[in-house]
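**Q**
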Amino acid sequence: MTPAISARGLTKRFPIQRGSSAHGAGTFLALDNLDFDIAPGQAIGIVGSNGAGKSTLLKILARILPPTSGRAVLHGRVGSLLEAGAGFHPELSGKDNIFLAGSLLGMKHGEIRRRLDEIVEFSGVGDFLDSPVKHYSSGMYMRLAFAVAAHIEPEILLVDEVLAVGDAQFQKKCLQRMETLSQSGQTVVFVSHSMQAVGRLCQRALWIDRGKLRLEGPVAEVVASYLKEGQANTGERVWPDGPHAPGDEHVRLRSVRVADSCGQTAASIDIGKPFSIDFAYEVAIGGMVLFPALRIFNEWGTEVLWTTDTASPEHGKPRDPGRYTSTVHFPGNLLSEGIMAVTVSITSLAPTRTHLSEADAVHFQATETIDGTTSRGQYTEAVNSMLRPLLNWKVRVEPVC
Amino acid sequence: MTSTANQIRRNAIARRSLPVTIIEPTGRGISLFAALAEYGEYTALLRYLTLRDLRLRFQSPLLGVVWVTLMPLLPAAIFATIFARILQPSTGGVPYSLYALAGFVPWTFFSTSVSTASMTFVWNANLLNKVYFPRAVLPASAMLASSAELLAGLVLVCGYSIWRGYHPLLSWLCLPLLALYVAAIAFIVSLGLATANALNRNVKFAIPFLMQIWIYATPVVYPISIVAPHTRLILALNPLTGALDAFRAALLGTPMDPTLFLISLASTAVLTLAAVSVFRRYEALLAERV
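Residue numbers (this note's numbering), protein chains in the order written: chain A, 238 to 638; chain B, 213 to 502.
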């Protein structure tokens, strides 16, 4: 059978522009000699850490970027969904935007008209169809954007992380729609950070690691080895001195570490026990008030929490040059199970300036021991909540007369 | 296209008629014919992008029409009151105000549409980075939307000539064709400039200067007859020279210089070749360079 997508020696090199002059410009190898075939009707997930080249690959397959060398051959109409709402204009009505976004995705006029009712129905914005989308809530906007995209029916659909936005219910709807599409024989290429989503939607997966194809195979196998390696590396991340560490001339990040209840560096923590995350950074130019912040994202890309150093004595005070370590202590019974990604950022105010914001600085696995002491008690079925606080329950019994 | 690519395409067509996309480094792109055929697939996009531009430009229709009418009217009025008094150019009996307006209608369209359409790649950088579509649709739709201004200008200048006692001529039927010709020149210039703009941000600063020089290299405010005959031929290399000369001739029934128009056609052809080859060379790189 002819593959729907076949890539041979696909390579992409980006020029790196340092400063304003072209002097000293080098190149960055984003994709290094990829070979793969994707059979028609298959849903394939592309996994890999940030900057591994997943999005570059998708953009090349979508013909947004040309490869530097190599070739890919695609059999069938290609539709790409790299950003929900691409082409939407805030001043135009919902209906006008359906036509604009639909034609941008390669739909013909008659096709859009035939599917208009379906799109409106799916989006649920019926009453507001004639008002400008700038008056829409962000949820309505996203629903309409995805509704248009979900109704293109190319043989090959390329999807990037669109599910990272929108609420959990909307994400589920998107996933269901993609499942339907792949069951109807469409080839779906799906890039996502969510291992859950990849696992549910895809039969096979490609693991891209620093531009190279690391592993290709059944989804469970690839995801398992990706996570396994991820865990071997995580728990702690240290950046070498010099300009390559995240940051700017004022502040640079040095390390991020997850520690278990005993203070040991750990890639896996027990959700019932306290744990901590510390990160070290160097302040080169003093005198600024810094706001170090930490965010935790779950597998769905949903932000579970955001915290800054409000409770520390250093809060709101200008910092002298030096090396600082901020430690955040988390109580037990806070997070749910799953793979968590930590984003570290350091900002200064007046003027607001983000010195660094390192997404996926470190990953850790939150596991649960079902021993009756966590919020789930003796309940053993899946608990899907984002948080698992152990709350104060009071039970009052009144005798029945 | 390489021969293996052709082979793959043939095999696919033989098996079932699925379209085949071959992704290769730039410089080995698809044939001009295949590229043009692709634009046929995207007529809906051209239509809705044009509608978007029109809706945004004419959000309040009355103000939009007033604005569009004033654009050529104002400079024509200024030149008619000042330039005509001081220099008293000979326009062969045609009132200077009418002569100037007949020049400013196509010129104002040309300069404003080129200024807008040549920015389309830069303004739509996000779109270029998120969706694939044949890229020339962007300047083309901007040009189509600007054509509303040209249409308004045509009505204006015809109305003014009737008011000044010029009766409609049979040659007025050529006016839409000549307007289309000016729009075609504007599109070609925009395609080249939009590509250059995406590759180098300094280009956008040069465009206003280019337009200021260009207006004086075109017989907009002065009649071509005041120029010495051999200089006239140099000016004719500017495709707008012949176009405007023909436009005035068709509108006012004044004699037209066919040499100027033929040179204009030839230089438009050269310009098209240059702009299209620059665009096709950098088309695939627009998203990452813009």
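Built from N, CA and C at the ideal position, the CB exists for glycine as well.
Please check the pair A/Val-599 and A/Val-493, which I expect to be a contact at CB under 8 Å, by giving their CB distance rounded to whole angstroms.
**A** About 5 Å; that satisfies the 8 Å criterion.
**Q** Do A/Leu-337 and A/Gly-316 come within 7 Å of each other at the CB atom, strictly closer than that value?
**A** For A/Gly-316 and A/Leu-337, no; Cβs fall outside 7 Å.
**Q** Do A/Ile-253 and B/Ala-499 have their CB atoms nearer than 7 Å?
**A** No; because the gap between Cβ atoms is not below 7 Å, this pair is not in contact.
**Q** Helix or strand or just coil, what does DSSP make of A/His-487?
**A** It is coil, neither helix nor strand.
**Q** Of the choices B/Gln-300, B/Val-306 and B/Arg-297, whose alpha-carbon is the least far from that of B/Ile-374?
**A** The residue with the shortest Cα to Cα distance from B/Ile-374 is B/Val-306.
**Q** Ignoring anything shorter than 4 residues, give me the alpha helix (DSSP H) runs that lie fully in the region 282 to 348 of chain A, in order along the chain.
**A** If we require 4 residues or more, the alpha helix (DSSP H) runs fully inside the region 282 to 348 of chain A come out as 291 to 298 and 331 to 341.
**Q** List, from N- to C-terminal side, the beta strand (DSSP E) runs of 3 residues or more that fit wholly inside the region 508 to 592 of chain A.
**A** DSSP runs (the beta strand (DSSP E)) wholly in the region 508 to 592 of chain A: 512 to 520, 525 to 534, 540 to 545, 559 to 567 and 575 to 585.
**Q** Considering only residues of the same chain and omitting the five flanking positions on each side of A/Cys-439, which have a CB-CB separation below 7 Å?
**A** Excluding positions up to five away in sequence, the list reads Ala-280, Ile-281, Gly-282, Phe-427 and Val-456.
**Q** Contact check, A/Gly-307 vs A/Ala-244 under 8 Å by CB: the rounded distance?
**A** Right, their Cβ atoms sit about 7 Å apart.
**Q** Could you please give the first and the last residue of the uninterrupted beta strand (DSSP E) stretch that includes B/Arg-269?
**A** Premise fails: B/Arg-269 lies in the alpha helix (DSSP H), 255 to 269, not in any beta strand (DSSP E).
**Q** From the DSSP output, in three-state form, read off A/Thr-502 for me.
**A** A/Thr-502 falls in the strand class under three-state DSSP.
**Q** Cα separation between A/Lys-631 and A/Gln-501?
**A** Near 36 Å, if we compare the C-alpha coordinates of A/Gln-501 and A/Lys-631.
**Q** Measure how close the beta-carbons of A/Leu-395 and A/Leu-266 come, nearest whole angstrom, since I'm counting them as under 8 Å.
**A** Wrong, their Cβ atoms sit about 22 Å apart, outside the cutoff.
**Q** How big is the Cα-Cα spacing for B/Leu-230 and A/Asp-333?
**A** Roughly 30 Å separates the two Cα atoms.
**Q** Looking at chain B, is there any beta carbon in it that lies within less than 7 Å of the beta carbon of A/Gly-278?
**A** No, no contact with chain B.
**Q** Straight-line CA distance for A/Val-284 to A/Tyr-616?
**A** Going from the Cα of A/Val-284 to the Cα of A/Tyr-616 covers about 33 Å.
**Q** Over the uninterrupted alpha helix (DSSP H) stretch that includes B/Trp-279, give me the two end residues.
**A** 273 to 293 is the extent of the alpha helix (DSSP H) around B/Trp-279.
**Q** Run through the region 421 to 475 of chain A for me and flag every whole alpha helix (DSSP H) of 4 or more residues, listed as ranges in chain order.
**A** If we require 4 residues or more, the alpha helix (DSSP H) runs fully inside the region 421 to 475 of chain A come out as 432 to 438 and 456 to 470.
**Q** Give a yes or no on whether the minimum CB-CB distance between B/Leu-390 and chain A is below 7 Å.
**A** B/Leu-390 does not count as touching chain A.
**Q** If you follow the beta strand (DSSP E) that A/Asp-397 is part of, which residue opens it and which one closes it?
**A** Taken as a continuous stretch (DSSP letters only), the beta strand (DSSP E) holding A/Asp-397 covers 393 to 397.
**Q** Would you grab the beta carbon distance between B/Ala-458 and B/Leu-385 for me? Rounded to a whole angstrom, and I think it's under 8 Å.
**A** Not quite, the Cβ-Cβ distance comes to about 13 Å (not below 8 Å), so this is no contact.
**Q** Measure from the alpha carbon of A/Glu-355 to the alpha carbon of each residue in A/Asp-478, A/Val-370 and A/Phe-383, then state which is nearest.
**A** Nearest option by C-alpha distance: A/Phe-383.
**Q** Between A/Asp-597 and A/Leu-443, what straight-line distance do the alpha-carbon atoms span, to the nearest angstrom?
**A** Looking at the two C-alpha atoms, the distance is approximately 20 Å.
**Q** Here's the rule: buried if 16 or more other CB atoms are within 10 angstroms of the residue's CB, otherwise exposed. What is A/Gly-614?
**A** The residue is exposed, with fewer than 16 neighbouring Cβ atoms inside 10 Å.
**Q** Determine the extent of the beta strand (DSSP E) in which A/Thr-610 is found, giving its start and end residues.
**A** That residue, A/Thr-610, is in no beta strand (DSSP E); it is neither H nor E in DSSP.
**Q** For chain B, is any of its Cβ atoms less than 7 Å away from the one on A/Phe-512?
**A** For A/Phe-512, the answer is no, since every Cβ of chain B falls outside 7 Å of its Cβ.
**Q** For the beta strand (DSSP E) holding A/Lys-249, just list the boundary residues, first then last.
**A** Per DSSP, A/Lys-249 belongs to the beta strand (DSSP E) from 242 to 253.
**Q** Quick one: what does DSSP say B/Asn-336 is sitting in, helix, strand or coil?
**A** In this structure, B/Asn-336 counts as coil in the three-state DSSP scheme.
**Q** Which class does B/Ala-351 belong to by DSSP, given the choice of helix, strand or coil?
**A** In the sequence as presented, Ala is not what sits at residue 351 of chain B; that position holds Pro. In the structure shown, B/Pro-351 sits in a helix (DSSP, three-state: H, G or I).
**Q** Can you check which of these residues, B/Leu-257, B/Ala-360 and B/Leu-313, is closest to A/Leu-341 by C-alpha distance?
**A** Per the Cα distances, B/Leu-257.
**Q** Flag this pair as yes or no: are the beta carbons of A/Gly-343 and A/Phe-365 separated by less than 7 Å?
**A** No, these two residues do not count as a Cβ contact at 7 Å.
**Q** Give me the chain A residues within the contact set of B/Val-232, using Cβ-Cβ distance strictly less than 9 Å, ordered along the chain.
**A** Simply Val-310, Leu-311, His-312 and Gly-313.
**Q** Pull the bridge partners of B/Ile-234 from the DSSP assignment, please.
**A** DSSP lists A/Val-310 as partners of B/Ile-234.
**Q** Answer yes or no: does any C-beta atom of chain A fall closer than 7 Å to that of B/Thr-328?
**A** B/Thr-328 does not count as touching chain A.
**Q** With burial defined as no fewer than 16 other Cβ atoms inside 10 Å of the residue's Cβ, what is the status of B/Ile-298: buried or exposed?
**A** So B/Ile-298 ends up on the exposed side.
**Q** When we look at the beta-carbon of B/Tyr-428 and count the other beta-carbons within 10 Å, is it buried (16 or more) or exposed?
**A** B/Tyr-428 comes out exposed.
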